[in-house]
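Numbering (the numbering used here), first residue to last: 50 to 440.
Positions of the beta carbon are idealized from the N, C-alpha and C atoms, including for glycine.
Quick caveat, the model's predicted, so the values are computed rather than measured.
Quick notes on the structure that follows.
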Ligand SMILES: Nc1ncnc2c1ncn2[C@@H]1O[C@H](COP(=O)(O)OP(=O)(O)OP(=O)(O)O)[C@@H](O)[C@H]1O
Ligand SMILES: [Mg+2]
């Protein structure tokens with residue numbers, strides 16, 4: 050079958066030149082693993098609209114051989130920052146002074162220099178969970194707001210390709226990011242938080258090009274091709290899970306620390322442990338674990354119910370020797386705030402509630418994680434050691 054596939058791929062025509070991919074020797078790599086096809090071509094000189102047309106042609110021409118979700122099309126380019134060749138023909142025109150161009154991103158683009166710090170950002174924090182639905186996005190958005198309440202400048206990248214939800218949580222579903230005269234994407238701003246989301250760029254009908262390890266390159270574009278000037282913290286809401294996608298997204302990015310979210314259930318904890326292992330494998334400093342949906346406080350009788358079990362995360366962190374950042378109880382308004390685009394931590398009226406306090410406490414711990422630690426004066430401290438009192 051692979052020969053048949055290659056034959057068809059060679060016939061694909063580059064609309065920019067009218068020549069076939071075979072003539073232009075565009076194919077870099079074509080491989081079939083079981084039912085899954087990975088095909089990579091050189092996209093130099095091909096604009097995003099031409100690229101979309103090409104990928105449509107590829108899928109069409111293989112539709113009788115492969116399931117659409119099993120076709121992964123990657124691109125490479127010899128031009129480093131050609132995400133904005135998006136605007137190829139227009140980019141010849143004099144650059145406008147203000148933001149006027151729709152921003153575009155380019156999946157499949159290779160990674161940029163390894164571990165390069167992001168201009169304008171002091172600390173980058175990755176937020177992960179072993180499994181979906183544990184409240185990672187809710188947590189990320191409200192942690193950002195809580196850090197902002199402490200006077201920090203905060204940005205968020207919604208890197209969750211499976212279910213980007215920050216545009217909804219921040220009430221900016223209809224927003225279309227634009228790029229500035231330096232060809233940088235301008236982050237969308239809501240409640241003082243700058244953010245960028247896959248949700249702004251993904252259409253329901255984009256499954257082929259938008260899923261797969263090549264998304265690592267897109268996170269790099271979100272880090273380096275977005276104007277993040279002036280941030281103390283940039284939080285990254287990663288896709289749930291601990292697989293290749295998550296790994297490839299962060300392994301080449303400069304990340305200063307990681308937070309893992311879990312619910313107290315055994316199964317969620319098990320996954321969270323895997324998440325922890327993943328971050329450790331990448332040598333990322335672990336800021337700590339957070340227990341979400343820790344309990345439910347009955348609104349009529351005030352009794353606390355531990356729906357998903359009690360204190361599981363606190364016990365796990367002991368075993369795993371990572372800091373425990375805190376527990377966030379279940380609260381209806383935390384969910385409804387996200388649903389209506391007015392996040393919980395923007396609603397001052399909740400400031401005496403447990404959830405509010407939990408976010409305040411956690412954000413303080415996160416912030417102090419990066420502060421220089423006071424010199425240990427205890428029995429294992431410097432003076433004790435030179436006096437021979439320590440272990
Ligand atoms: N402590 C909480 N109390 C009440 N509702 C919560 C709480 N935490 C999260 N939720 C709700 O649970 C649902 C899942 O949360 P969220 O989308 O943040 O999870 P996620 O881990 O990002 O999920 P996904 O894996 O789909 O990205 C949402 O409806 C959210 O509003
Ligand atoms: Mg999410």
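- Less than 8 Å separates the beta-carbon of residue 309 from that of residue 325.
- In the displayed model, residue 99 falls within a helix according to three-state DSSP.
- Around residue 55, the same chain offers 79 as residues with beta carbons nearer than 7 Å, after the five sequence neighbours per side are excluded.
- Within the same chain, Cβ atoms closer than 6 Å to the Cβ of residue 203 are found at 193, 196, 197, 242 and 282, the five residues on either side in sequence being excluded.
- Residue 58 carries a helical assignment under DSSP once its states are collapsed to helix, strand and coil.
- The Cβ neighbour count for residue 352, taken over all protein chains shown within 10 Å, is under 16; the residue is labelled exposed.
- Those residues placing their Cβ nearer than 6 Å to any heavy atom of ligand 1 are, following chain order, 178, 181, 182, 183, 184, 185, 186, 187, 209, 212, 214, 289, 341, 342, 377, 379, 380, 383, 384 and 387.
- Secondary structure of residue 76 (DSSP, three-state): strand.
- From the listed residues 269, 234 and 189, the smallest Cα separation to residue 377 is found for 189.
- Residue pairing by DSSP puts residue 90 in a beta bridge opposite 76 and 124.
- Note on residue 320: 16 or more other CB atoms within 10 angstroms of its CB, so buried under the neighbour-count rule.
- Between residue 318 and the set 226, 340 and 401, the nearest pair of CA atoms involves 340.
- In this structure residue 209 is buried. Its beta-carbon is surrounded by 16 or more other beta-carbon atoms within 10 angstroms.
- As the crow flies, the alpha-carbon of residue 105 is around 21 Å from that of residue 152.
- In the DSSP assignment, residue 379 falls within the beta strand (DSSP E) that extends over 373-379.
- If you draw a straight line from the Cα of residue 363 to the Cα of residue 120, it comes to about 42 Å.
- Residue 229 and residue 395 have their alpha carbons spaced roughly 29 Å apart.
- Taken from the Cβ of residue 320, every heavy atom of ligand 2 lies 7 Å or farther away.
- Within the segment 263-296, the complete beta strand (DSSP E) segments of 3 residues or longer fall at 280-286, listed in chain order.
- Taking 8 Å as the cut-off, the beta carbon of residue 356 is found no closer than this to the beta carbon of residue 331.
- Residue 211 counts as exposed, since fewer than 16 other C-beta atoms from the protein chains shown sit within 10 angstroms of its C-beta.
- Per the coordinates, the alpha-carbon of residue 271 lies some 9 Å from the alpha-carbon of residue 236.
- Between the beta-carbon of residue 392 and that of residue 219 there is about 7 Å, and that keeps the pair under the 8 Å contact cut.
- Between ligand 2 and the CB of residue 416, the shortest heavy atom gap is not smaller than 7 Å.
- In the three-state DSSP reduction, residue 191 falls in the helix class (H, G or I).
- A distance criterion of 7 Å places the beta-carbon of residue 53 beyond contact range of ligand 2, judged by its closest non-hydrogen atom.
- Taken in chain order, the unbroken stretches of beta strand (DSSP E) that lie wholly in the segment 352-410 and span 3 residues or more are 373-379.
- In summary, residue 269 is buried, with 16 or more beta-carbon neighbours lying within 10 Å of its beta-carbon over all protein chains present.
- Per DSSP, reduced to three states, the secondary structure at residue 180 is coil, with no helix or strand assignment.
- Judged by DSSP in its simplified three-state form, residue 333 adopts coil rather than helix or strand.
- With respect to the 8 Å criterion, residue 216 and residue 184 are not classified as neighbours on the basis of their beta carbons.
- By alpha-carbon distance to residue 307, the top candidate from 179, 65 and 52 is 179.
- By the Cβ-count criterion, residue 397 is exposed, with fewer than 16 other Cβ atoms from all chains shown falling within 10 Å of its own Cβ.
- Taken through DSSP and simplified to helix, strand or coil, residue 198 comes out as helix.
- The bridge partners DSSP lists for residue 119 come to none.
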